[in-house]
Amino acid sequence: MKSIRDIYVIGNGPSSSHTMGPAFAVEHILNKYKKVKFVKVYLYESLALTGKGHLTDYIIEKKFKEAGVACEIVFDLKTAVEHPNTMKFEVTLDDLSVVNEIIVSSGGGTIVTNDDSKKDEKEVYKEANLTEILKFCSENGISLYEYVIKHEGEDLLNYLKEVLKTMDNAIARGRSA
0 MKSIRDIYVI GNGPSSSHTM GPAFAVEHIL NKYKKVKFVK VYLYESLALT
50 GKGHLTDYII EKKFKEAGVA CEIVFDLKTA VEHPNTMKFE VTLDDLSVVN
100 EIIVSSGGGT IVTNDDSKKD EKEVYKEANL TEILKFCSEN GISLYEYVIK
150 HEGEDLLNYL KEVLKTMDNA IARGRSA
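Here the sequence shown is numbered in numbering that gives the first Met the number 0, starting from 0 and rising by one per residue.
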């Protein structure tokens, strides 16, 4: 099983695949290419069909604007791609050379890039599911809390406090709106 950090991901809403993934994709582009002049982003299939409602274009434009990079977004409803949440970033660098990056928003804020084409993510827990974990805890006389801390480390608690604070803030913003 993966880390609890992979379950509770902090990012822009309203959608992990249509908002968080694209935001993380922009961050990937900006980190990989330091001298970006302009970016044309092509959104395909599901991102093109529902991107407006999920603020996909908004978050992409916002992230590039924060970095001082101009961008254009194309909602391509015709091109067929392997994954419905595929984006193509046509990056024009300061020297006017152009590079293309295909990035997939695979859900939960996770992105798959040209660089990793779905790298094997480190397994934190050898047990495959909660039933197996609870059985392990029972057989070894430890609590679920002790098991998680043993595998994730004490710093997980600070991360989960930040997740809770983020959730509480989102609820408060929603209630006030």
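All residues carry an ideal CB built from backbone N, CA and C; glycine is no exception. Just so we're clear, the structure is a prediction, and the values are computed from it rather than from any experiment.
Secondary structure note for threonine 112: it is in no beta strand (DSSP E), with a DSSP letter that is neither H nor E. By the 16-neighbour rule on beta-carbons within 10 angstroms, alanine 24 is buried. Inclusion of valine 98 and tyrosine 43 in the CB contact set at 8 Å is not warranted, their separation being larger than that value. Straight across, the Cα-Cα distance linking threonine 55 with proline 21 is about 7 Å. When the alpha-carbon of threonine 49 is set against those of Val73, Lys33, Lys34 and Glu26, the nearest one is in Val73.
Under the DSSP assignment, glycine 173 falls in the alpha helix (DSSP H) whose first and last residues are 154-175. Judged by DSSP in its simplified three-state form, lysine 51 adopts coil rather than helix or strand. For secondary structure counted as the beta strand (DSSP E) over 3 or more consecutive residues, the segment 77-113 holds these complete runs in sequence order: 85-92, 97-106 and 109-111.
Here tyrosine 43 carries a strand assignment [DSSP, helix/strand/coil]. Burial is judged here by how many other beta carbons sit within 10 angstroms of a residue's own beta carbon; glutamate 131 has fewer than 16 and is exposed. Glutamate 126 and methionine 19 have their C-alpha atoms some 28 Å from each other.
The segment 79-93 and the segment 27-41 touch, with no fewer than 3 CB-CB distances between them shorter than 8 Å.
In the DSSP assignment, valine 25 falls within the alpha helix (DSSP H) that extends over 20-31. By the neighbour-count definition (other C-beta atoms within 10 Å, threshold 16), alanine 47 is a buried residue. Taking the Cβ atoms as the reference, leucine 163 lies roughly 13 Å from isoleucine 3, outside the contact range of under 8 Å. A check of alpha carbon separations from glycine 106 across Asp75, Val68 and Ser45 identifies Ser45 as the nearest.
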